[in-house]
Amino acid sequence: MASVQTIRGPIDSKQLGVTLIHEHVSFGAVSRQQIDGPYIDKAFDFNLDLLKKARDVGINTIVELTPWPNVRKIVELNDRLPELNFILCTGAYLETSHHPIVKMGETEFHDHMVRNITRGYEGFESTGVKAGIIKVAGNLSKLTEWEKRNFRLAARVQRECRVPIATHACAGCREQMTVLKEAGANIAATFYSHVEAEFGWDGRTVPQEAEYLADVARAGGYLHFNNFDFEFDTPFPDMMYLINHLETHGFGEKIFFSIDTNIEIDDDGKIWMEAEKKHPETGKRNYSYAITNAVPMLMSAGVSLQRITKYLVDNPRRYFEAAALS
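Positions 1 to 326 (our numbering) are the ones given, in order, by the sequence shown.
Below, the structure is given as structure tokens:
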């Protein structure tokens, strides 16, 4: 067992339970600052409803991977839903993001992450609300110098603070892992998100992509899948090929799945789930969808309940425990 930092303080890793390893409790587009706005109360009520449904279907832990969370509102949500564990992150998203982190120098960014993990978020130090995970991102297969800097700093902070690392990796997860490894990261406490997105495969076939991902798992990294009902990015049979290839080659303990729930709000206050405007079928993709829809999809494709439990319970626990050994 290991200690895992949540909003309410550290808990034993065995208390994580059913864990959605990559989600966003967002109050606007995740690329923007999660600050209060004209529709903050509407967004709060929307999130509260989604999180109640998550609790009611048996989800225990939400890992919130927006590097600039609206801490005040998420604390308020947790007060309303004390049955849920919330794990917040620090770090950086894409260089095009609208957040002051993008302009931070190396020392300032390092100190910002360490402070969020050890003392708390800026303005919340007295409350004990701290980050429990680092998030960094790459946009394309070839990382920019700014992105490489962030990955190297994430590895450094991981060593200093013993927390795990998550990456945005629609493309280039193996290259990201290499940068982290060379910077001294504990690869067994890293995971790479959205790896099934076919627009990021650089022309590889499905079998070739399966072997590409197996290289990451072989080195100790975890792989995150979320494109259920995102047929425009990843046909379900292709995602199942990747998952089954990893499982049958001995890497089932390196697989996560969640939904990557996130929203955007129009100027008139209308709230949309990710991609819902162009693809109305994605409007149902919220936290509880992981249990009500994704699990039946997996089981209909022959994935056993034992495997599903491994992906949602055992593997997230092992991932956080690995960070304590950094």
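Cβ atoms here follow ideal geometry from the backbone N, Cα and C, with glycine treated the same way.
**Request:** Could you say if the segment 1-15 and the segment 233-250 meet the contact criterion of at least three C-beta pairs nearer than 8 angstroms?
**Result:** no
**Prompt:** Taking Cβ positions, are VAL163 and ALA92 nearer each other than 8 angstroms?
**Reply:** no
**Asked** Hey, SER193 and GLY172 are a contact pair by Cβ (cut 8 angstroms); roughly how many whole angstroms apart?
**Response** With a Cβ gap of about 12 angstroms, SER193 and GLY172 do not count as contacting.
**Asked** Alpha carbon to alpha carbon, what distance is there between PHE320 and SER13?
**Response** SER13 and PHE320: Cα-Cα distance of roughly 7 angstroms.
**Prompt:** So who's on the other strand from TRP272, going by DSSP bridges?
**Reply:** According to the DSSP secondary-structure assignment, TRP272 is paired through a beta bridge with GLU264.
**Message:** Mapping the DSSP letters down to three states, classify TYR319 as helix, strand or coil.
**Reply:** helix
**Message:** Just verifying my parser: in three-state terms, what is the DSSP assignment at LYS135?
**Reply:** strand
**beta strand (DSSP E) segment containing CYS89, residue limits** = 89-91
**Message:** For ILE291 and ILE59, which I take to be in contact (beta-carbon distance under 8 angstroms), what is that distance rounded to the nearest angstrom?
**Reply:** 7 angstroms
**Request:** Please list the segments of the beta strand (DSSP E) lying wholly inside the segment 94-160, counting only runs of 3 or more residues, in order along the chain.
**Result:** 133-137
**Request:** Let me know if GLU83 comes out buried or exposed under the rule of 16 or more other beta-carbons within 10 Å of its beta-carbon.
**Result:** exposed
**Prompt:** Since TRP201 and GLU209 are thought to touch, with beta carbons under 8 angstroms apart, how far apart are those beta carbons, to the nearest angstrom?
**Reply:** Yes, TRP201 and GLU209 are in contact; Cβ-Cβ is about 5 angstroms, under 8 angstroms.
**Request:** To the nearest angstrom, report how far apart VAL18 and THR309 are at their CA atoms.
**Result:** Roughly 8 angstroms separates the two Cα atoms.
**Request:** Mark THR66 as exposed unless 16 or more other C-beta atoms lie within 10 angstroms of its C-beta, in which case mark it buried.
**Result:** Looking at its Cβ environment, which holds 16 or more other Cβ atoms inside 10 Å, THR66 is buried.
**Request:** Take the Cβ of MET299 as the centre, count every other Cβ of all protein chains shown within 10 Å, and call the residue buried at 16 or more, exposed below.
**Result:** exposed
**Asked** Who are the Cβ neighbours of MET104 in its own chain at under 8 angstroms, not counting the five residues just before and after it?
**Response** HIS112
**Message:** For the segment 272-285 against the segment 244-258, do three or more pairs of beta-carbon atoms, one drawn from each stretch, fall closer than 8 angstroms, so that the two count as touching?
**Reply:** no
**Asked** Looking only at DSSP bridge pairs, what is PHE6 linked to?
**Response** Inspection of the sequence shows that residue 6 is occupied by Thr rather than by Phe. DSSP, once it has assigned bridges, lists GLY9 as partnering THR6.
**DSSP state of ARG32 mapped onto helix, strand, coil** = strand
**Prompt:** On the three-state DSSP scale, how would you describe TYR222?
**Reply:** Strand.
**Request:** Please confirm whether GLY120 and THR127 have their CB atoms less than 8 angstroms apart.
**Result:** yes
**Prompt:** Can you check whether the CB of ALA323 is closer than 8 angstroms to the CB of ALA189?
**Reply:** yes
**Prompt:** Going by beta carbon distance, what residues of the same chain come within less than 6 angstroms of ILE259, once the five residues before and after it are set aside?
**Reply:** ASN226, ARG285, TYR289 and ALA290
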